[in-house]
Amino acid sequence: MALSHTSVSNAKAREKVYKLFDGGGLYLQVKTSGYRCWKYDYRVNGSRGTYTIGKYPEISLKEAREGHREARELVAKGIHPKQIKVAQRIESDLSTKLFSHYANEWLGKQNLAESTYTDLKQRIEKNLIPYLDKKKVNEYSTADLLKIMLKMSDRGAKETAQRMANVLRRVYNEILILGIVDNNPAQGLAELLPKPDVRLKGNFGHLTSVDEITVLLQQIEKPSVRQDFATTQALKLMPLVFLRPRNIRFLKWEYVDFENNVINLPASELKTRKPLVVPLAHQSITILNDIQSLTGSGEYVFVTSHGRGKPLSENTTTQALRRIINPSTGESFGTGYMTSHGFRHMASTLLNEMGYDPDVIELQLAHINKDRIRATYNKAQLMDKRTQMMQEWADYLDGLRNEK
Numbered sequence: 071m072a073l074s075h076t077s078v079s080n081a082k083a084r085e086k087v088y089k090l091f092d093g094g095g096l097y098l099q100v101k102t103s104g105y106r107c108w109k110y111d112y113r114v115n116g117s118r119g120t121y122t123i124g125k126y127p128e129i130s131l132k133e134a135r136e137g138h139r140e141a142r143e144l145v146a147k148g149i150h151p152k153q154i155k156v157a158q159r160i161e162s163d164l165s166t167k168l169f170s171h172y173a174n175e176w177l178g179k180q181n182l183a184e185s186t187y188t189d190l191k192q193r194i195e196k197n198l199i200p201y202l203d204k205k206k207v208n209e210y211s212t213a214d215l216l217k218i219m220l221k222m223s224d225r226g227a228k229e230t231a232q233r234m235a236n237v238l239r240r241v242y243n244e245i246l247i248l249g250i251v252d253n254n255p256a257q258g259l260a261e262l263l264p265k266p267d268v269r270l271k272g273n274f275g276h277l278t279s280v281d282e283i284t285v286l287l288q289q290i291e292k293p294s295v296r297q298d299f300a301t302t303q304a305l306k307l308m309p310l311v312f313l314r315p316r317n318i319r320f321l322k323w324e325y326v327d328f329e330n331n332v333i334n335l336p337a338s339e340l341k342t343r344k345p346l347v348v349p350l351a352h353q354s355i356t357i358l359n360d361i362q363s364l365t366g367s368g369e370y371v372f373v374t375s376h377g378r379g380k381p382l383s384e385n386t387t388t389q390a391l392r393r394i395i396n397p398s399t400g401e402s403f404g405t406g407y408m409t410s411h412g413f414r415h416m417a418s419t420l421l422n423e424m425g426y427d428p429d430v431i432e433l434q435l436a437h438i439n440k441d442r443i444r445a446t447y448n449k450a451q452l453m454d455k456r457t458q459m460m461q462e463w464a465d466y467l468d469g470l471r472n473e474k
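The numbering used here applies: residue 71 is where the sequence shown begins, and numbers increase by one.
Here's what the structure looks like:
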């Protein structure tokens with residue numbers, strides 16, 4: 071006869087273990103200690119087994135019958151019902167992990183240059199993890215994620231918000247495949263965010279007006295008393311070496327060769343995955359000598375006084391540019407006009423206009439050359455031209471800066 075709620079609740083301990091049967095192999099086992107547990111005896115492929123559904127009264131009679139039904143369906147298919155518990159345990163383990171776990175797993179599978187990897191990791195740790203590690207990954211809605219992304223947009227980092235929205239989408243795609251969420255809450259998130267300023271689309275904001283470049287170079291030489299010395303030196307070096315901002319930020323002393331007046335960047339630091347030699351004009355050597363007394367005992371060249379040995383943050387130089395005001399217009403150089411990355415475009419535009427060999431310029435910018443014929447140039451044969459160009463470019467900028 072099937073069990074009732076009353077018969078189950080009245081089941082007390084006896085001198086021996088006993089069972090109260092409900093039918094179909096389901097029963098309540100009552101131990102001498104008074105412990106009561108739902109179990110199901112079954113047979114699969116000729117072998118007997120016992121499946122523990124759960125403790126009573128945490129698992130009610132109704133819930134026990136539902137668990138029994140699911141288990142019998144598996145037995146009918148020749149599957150041991152213990153697989154239910156295994157699947158539940160795996161699902162529980164996965165869903166209790168925080169976003170940082172899945173973000174780090176995703177990041178570890180990306181094939182990125184060392185500096186790119188470090189840069190992206192820092193962006194995720196700064197912009198996503200502090201907000202997304204507050205709940206389980208399956209508890210976030212699209213609206214929740216949008217609020218987090220808007221924190222970045224509202225502070226003016228619209229490009230960063232777009233990039234982080236795409237990272238979220240890709241991380242949540244993997245979480246979706248694992249079965250932890252039923253849909254990707256970050257899908258289409260980037261489309262909901264404010265778009266970056268029109269002036270910053272395409273090429274990074276940069277100057278090509280000689281008059282504006284002159285003013286900018288002069289203003290860089292007049293930093294505010296609150297600006298860190300390392301930030302000022304980084305801004306001075308950027309126009310001279312054509313390096314991407316992250317290569318400036320993560321520039322290590324071991325890459326600087328004072329004996330040969332070059333920076334030797336390993337392939338792991340570059341998008342092209344090829345090493346790059348950067349000839350240093352004497353102006354660049356002076357800048358590096360000045361900062362060496364401050365950071366030369368550490369790993370990185372540009373470390374702020376409060377940085378505890380860590381390289382400059384991703385927005386340090388861009389924010390410094392935003393604080394520079396063009397006295398002629400009263401506008402900030404950094405708002406739509408110039409970015410840290412823009413120094414590369416500025417040099418490329420002006421050097422091409424000045425008639426320098428495009429191959430020499432492209433090699434020094436470490437651009438990926440898709441032209442097979444031009445890509446066959448022996449870089450070593452062009453080193454003399456590159457060295458000459460870098461010194462003449464530094465002298466040209468000095469001439470602009472020193473104009474009365």
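For glycine and all other residues, C-beta sits at the position ideal for the given N, C-alpha and C.
Outcome for residue i when other beta-carbon atoms lying within 10 angstroms are tallied against a minimum of 16
{"i": "residue 247", "result": "exposed"}
{"i": "residue 211", "result": "exposed"}
{"i": "residue 262", "result": "exposed"}
{"i": "residue 442", "result": "Interpretation of residue 442 is limited by its pLDDT of 39, a score under 50 that renders its predicted location unreliable; the figure taken from the coordinates is listed afterwards. By the 10 Å Cβ count, residue 442 comes out exposed."}
{"i": "residue 386", "result": "buried"}
{"i": "residue 309", "result": "buried"}
{"i": "residue 372", "result": "buried"}
{"i": "residue 300", "result": "buried"}
{"i": "residue 57", "result": "Given that the chain is displayed from residue 71 to residue 474, the structure contains no residue 57 and the question cannot be resolved."}
{"i": "residue 436", "result": "buried"}
{"i": "residue 268", "result": "Unreliable placement is indicated for residue 268, whose pLDDT of 41 sits below 50; the coordinate value is still reported in the next sentence. Residue 268 comes out exposed."}
{"i": "residue 349", "result": "buried"}
{"i": "residue 72", "result": "exposed"}
{"i": "residue 87", "result": "exposed"}
{"i": "residue 424", "result": "exposed"}
{"i": "residue 217", "result": "exposed"}
{"i": "residue 280", "result": "exposed"}
{"i": "residue 89", "result": "exposed"}
{"i": "residue 363", "result": "exposed"}
{"i": "residue 118", "result": "exposed"}
{"i": "residue 306", "result": "buried"}
{"i": "residue 298", "result": "buried"}
{"i": "residue 412", "result": "buried"}
{"i": "residue 367", "result": "exposed"}
{"i": "residue 76", "result": "exposed"}
{"i": "residue 169", "result": "buried"}
{"i": "residue 180", "result": "exposed"}
{"i": "residue 473", "result": "exposed"}
Per DSSP, the bridge partner or partners of residue i
{"i": "residue 96", "result": "93, 110"}
{"i": "residue 121", "result": "110"}
{"i": "residue 370", "result": "322"}
{"i": "residue 327", "result": "332"}
{"i": "residue 88", "result": "100"}
{"i": "residue 349", "result": "332"}
{"i": "residue 126", "result": "106"}
Identity of the residue in the options nearest residue i by Cα
{"i": "residue 344", "options": "420, 96, 434", "result": "434"}
{"i": "residue 397", "options": "170, 98, 289", "result": "289"}
{"i": "residue 204", "options": "310, 171, 430", "result": "171"}
{"i": "residue 103", "options": "181, 82, 326, 375", "result": "82"}
{"i": "residue 312", "options": "223, 106, 415, 466", "result": "415"}
{"i": "residue 265", "options": "292, 462, 229, 466", "result": "229"}
{"i": "residue 357", "options": "376, 326, 375", "result": "326"}
{"i": "residue 115", "options": "88, 125, 91, 146", "result": "146"}
{"i": "residue 422", "options": "79, 120, 459", "result": "459"}
{"i": "residue 93", "options": "225, 174, 74", "result": "74"}
{"i": "residue 167", "options": "77, 209, 152", "result": "209"}
{"i": "residue 316", "options": "180, 381, 97", "result": "381"}
{"i": "residue 256", "options": "286, 412, 214", "result": "214"}
{"i": "residue 379", "options": "287, 319, 413, 427", "result": "319"}
{"i": "residue 80", "options": "131, 169, 123, 201", "result": "131"}
{"i": "residue 283", "options": "78, 469, 84", "result": "469"}
Residue-level contact to chain D via CB, residue i, 8 Å cutoff
{"i": "residue 246", "result": "No chain D appears in the structure shown, which is made up of a single protein chain."}
Residue i vs residue j beta-carbon contact at 8 Å
{"i": "residue 227", "j": "residue 259", "result": "no"}
{"i": "residue 322", "j": "residue 369", "result": "yes"}
{"i": "residue 110", "j": "residue 150", "result": "no"}
{"i": "residue 245", "j": "residue 251", "result": "yes"}
{"i": "residue 464", "j": "residue 353", "result": "yes"}
{"i": "residue 254", "j": "residue 243", "result": "yes"}
{"i": "residue 141", "j": "residue 121", "result": "yes"}
{"i": "residue 98", "j": "residue 106", "result": "yes"}
{"i": "residue 198", "j": "residue 177", "result": "no"}
heavy atom of the ligand NAP below 7 Å from residue i C-beta
{"i": "residue 453", "result": "For the ligand NAP, the structure offers nothing, since it holds no ligand at all."}
Segment contact, 8 Å Cβ cut-off, at least three pairs: the stretch 326-336 with the stretch 344-353: Counting Cβ pairs under 8 Å, three or more are found: they touch.
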